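In the working numbering, the protein residues as written are 1 to 152.
C-beta atoms are modelled at their ideal positions from N, C-alpha and C, and glycine is treated no differently.
These numbers come from a predicted model, not from an experiment.
Notes follow the structure.
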Amino acid sequence: MSYTRLLYHIIFRTKYSEQTINKAHADDLYRYIWGIIKSKKGILYRINGMPDHLHLFVQLPPSMSVSDFVRDVKGGSSKWLMGNPLFPGFRGWASEYAAISYSERDREMIVNYIIRQREHHQTESFQSEITRIFNENGLTDEQVSFFFREPT
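Following this line, the structure appears as structure tokens:
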């Protein structure tokens, strides 16, 4: 029998970084995304976010690519959000995302980081957060710029 443990910290933002994920109803969105993840045979360890972006820490099944997983989560949740009056003004997710792999020994650290999103963002902007995370993981400032590019 083969065994895999594919753990990813996935980050994506709203289109144009609009602040359309309201705190009062964010848990509804998180439950909906959890349902998508379960239907894909993934495991959600933690989800949290801010009005303009989300962080997920997930384990993917070996049969699913990261890009297919993110497409399904963003596509399904976008359709749900656009049809939900609790999220007025939501116009979709930005096309880019970040997916950084971690080992089991990092799981608690990443889960705790995601739990403390509101605390982090009292002193750090989202762009600063992404720049720091990318730099810590060997990604370049050019890749940070690509993450924040807007559709033309």
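**Message:** Rounded to whole angstroms, what is the Cα-Cα separation between I37 and F147?
**Reply:** 23 Å
**Request:** Using DSSP bridges, identify the partner residues of W80.
**Result:** DSSP, once it has assigned bridges, lists no residue as partnering W80.
**Request:** Would you mind sorting T4 into buried or exposed? The rule is 16 or more other CB atoms within 10 Å of its CB.
**Result:** exposed
**Request:** In the DSSP assignment, find the alpha helix (DSSP H) that holds H120 and state where it starts and stops.
**Result:** Q117 to H120
**Request:** Please check the pair L7 and P62, which I expect to be a contact at CB under 8 Å, by giving their CB distance rounded to whole angstroms.
**Result:** Actually they do not touch by this definition, with Cβ atoms about 12 Å apart.
**Request:** Leaving out five residues on either side along the sequence, give the residues of the same chain with a beta carbon under 7 Å from the beta carbon of K207.
**Result:** Residue 207 falls outside the range modelled here, since the chain spans only 1 to 152, and no answer is possible.
**Request:** Going by CA-CA distance only, name the one from D72, Y97, G76 and R31 that's closest to H53.
**Result:** Y97
**Message:** Could you give the first and the last residue of the continuous alpha helix (DSSP H) run that contains Y32?
**Reply:** A26 to S39
**Item:** Neighbour-count burial assignment, R13, 16 or more Cβ in a 10 Å radius
**Value:** buried
**Message:** Tell me the residue span of the beta strand (DSSP E) that contains T14.
**Reply:** L6 to T14
**Asked** Just the Cα atoms here: how many angstroms apart are T123 and L60?
**Response** 32 Å
**Prompt:** Quick one: is M50 buried, meaning 16 or more other Cβ sit within 10 Å of its Cβ, or exposed?
**Reply:** buried
**Message:** So if DSSP puts N48 in a beta bridge, which residue, or which two residues, is it bridged to?
**Reply:** H55
**Request:** With a 10 Å radius around its C-beta and 16 neighbouring C-beta atoms as the bar for buried, classify G75 as buried or exposed.
**Result:** exposed
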